[in-house]
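Asks: Structure in structure tokens, see below.
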Amino acid sequence: DARPTSVFLARVLRACIAMSTSRVCGIAVAVTTVVVGLRVARAQPFDTIEVYDEYPPEYEALGLENQNSADVAGDLYFVTRQFGLPVECSDKPDDFQCDNPEADNDRNVVSRRTVEVEHAYGLYAECNIKNASQTYACDCLLNKTKRVPCNATEVGHADVATRYPPPLPGADAYDWWHVNLAYKFGGNWYSTLKRGDCDLLAARRHSPAASDVLGSCGWRLVETTRTVASSCIKARISAVVEAYDAQAFEACPLLADGSGAYNQSTACYSYAFLGIVLGPNGTSDVVGPEDGIPNALLLDAWALAFNETDEALGGCPEVPVDVVVEKDAH
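According to the working numbering, the sequence shown holds residues 997 to 1326 in order.
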């Protein structure tokens, strides 16, 4: 918003006319015009992105404060990886993902959001719900090992395809799944810290607009366009995979409710599902985007789930979210 500076420019012009000093006026107008230009330029975001954010519904009021989010490919990694948890958690029940509230597809929701990024991207922060406090907190790790201070004025970014090295010889199937799903889908992950929320900072300073605090903040949530059940997304993805190679699931047990649906909490289903997604070498060698089921089938299913609300047409209905954890203005 350049209006205050524009008012100043008008005053300069009136003073110049009164004094009839052309040289002084020329310098003053030139300097003020540059300032106005810089202020207007500063008000333009560095980037505008569409992201997907999975979370327990009681945290809806937080928006993207201290959250991780992803583009479609990046979130597809997170969703498909969860299909391997029955195997991983039977072997390593204390693993973080086995008790991660954000991996609970039975009750979580996924929101599609538009975000303005105010500056160049920075170090990705891992943001999770801390069990002791039941609040979100973020950690910035250099090379994923050394903890360093997070820069709140930057939106963290990670290239999923380059985040994981190949497993060592003798690695378990789920170790290969973690890596190969990243290599297959790629995508981008983002982290947005509460201290970098431009709207929150503007409110603290009683500023009329978030653009008045640019330079000391990093991002702004523009809008949330859709919120759907995570279980619906999972159902759309699994339906595509099951239809692609139905024979792979023939030996897997069904649910006891008579629905005819497969029991996805079994190791049989994990191996069948991820075997189709990654191809026959998914637990023994590095794979890429061309291996396994065509990525386009899963990406199209994801897009349809968010763009269509009719479940009969492959969509997911909007989910009303009851806010439990209120947003802290401080």
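Beta carbons: idealized from backbone N, C-alpha and C, even for Gly. Since the model is a prediction, treat every value here as computed from it, not as a measurement.
Apart from the five residues on each side of it in sequence, which residues of its chain come closer than 7 angstroms, Cβ to Cβ, to Thr1149?
Replies: His1115, Gly1192, Ser1212, Cys1213, Gly1214, listed in sequence order.
Asks: Please classify Asn1184: is it buried, with 16 or more other beta-carbons within 10 angstroms of its beta-carbon, or exposed?
Replies: By the 10 Å Cβ count, Asn1184 comes out buried.
Asks: Can you confirm whether the stretch 1108-1126 touches the stretch 1163-1179 when touching is taken to mean that 3 or more C-beta pairs between the two stretches lie within less than 8 angstroms?
Replies: No: fewer than three Cβ pairs fall under 8 angstroms.
Asks: Quick check on this structure: which residue in Ala1299, Gly1271, Pro1145 has the alpha carbon closest to the alpha carbon of Gly1310?
Replies: Checking every option, the nearest Cα to that of Gly1310 belongs to Ala1299.
Asks: Taking Ala1292 as part of the alpha helix (DSSP H), name the residues at either end of that continuous run.
Replies: 1291-1303 is the extent of the alpha helix (DSSP H) around Ala1292.
Asks: I'd like the list of long-range same chain contacts for Ala1225, defined as Cβ closer than 7 angstroms, with 5 residues on each side in sequence excluded.
Replies: The residues are Val1105, Cys1312, Val1315.
Asks: In this structure, does DSSP put Ala1121 in helix, strand or coil?
Replies: Correct three-state label for Ala1121: strand.
Asks: Considering only residues of the stretch 1064-1129, which uninterrupted alpha helix (DSSP H) runs meet the minimum length of 4 residues and lie entirely inside it, listed in chain order?
Replies: Those alpha helix (DSSP H) runs which fall completely within the stretch 1064-1129 and span 4+ residues are 1068-1077, 1081-1087.
Asks: Roughly how many angstroms lie between the CA atoms of Ile1289 and Ala1239, to the nearest whole one?
Replies: If I take the Cα positions, the gap works out to 11 angstroms.
Asks: If you draw a straight line from the C-alpha of Ala1231 to the C-alpha of Leu1295, how long is it?
Replies: The alpha-carbon atoms of Ala1231 and Leu1295 are separated by roughly 14 angstroms.
Asks: With DSSP as the reference, identify every bridge partner of Ser1187, one or two as the case may be.
Replies: Paired residues: Asn1064, Gly1152.
Asks: Please go through the same chain and pick out, in chain order, the residues whose beta-carbon is closer than 7 angstroms to the beta-carbon of Ala1247, but skip the five residues on each side of it.
Replies: Only Cys1264 meet the Cβ criterion.
Asks: Compute the Euclidean distance between the alpha carbons of Val1282 and Trp1172, then round it to the nearest angstrom.
Replies: Taking the straight line joining both Cα atoms gives about 8 angstroms.
Asks: Measuring only the C-alpha atoms, how far is Leu1274 from Ala1157?
Replies: Leu1274 and Ala1157: Cα-Cα distance of roughly 14 angstroms.
Asks: For Asp1171, name the three-state secondary structure that DSSP assigns.
Replies: Looking at Asp1171 - three-state DSSP - the assignment turns out to be helix.
Asks: Go to Asp1135, then tell me how far its alpha helix (DSSP H) extends in each direction, as first and last residue.
Replies: It is not in any alpha helix (DSSP H) - Asp1135 instead sits in the beta strand (DSSP E) that spans 1131-1138.
Asks: Rounded to whole angstroms, what's the CA-CA distance from Ala1037 to Ala1297? Just pull it up for me.
Replies: Model confidence at Ala1037 stands at a pLDDT of 40, short of 50, so the residue's coordinates are unreliable and nothing is read from them.
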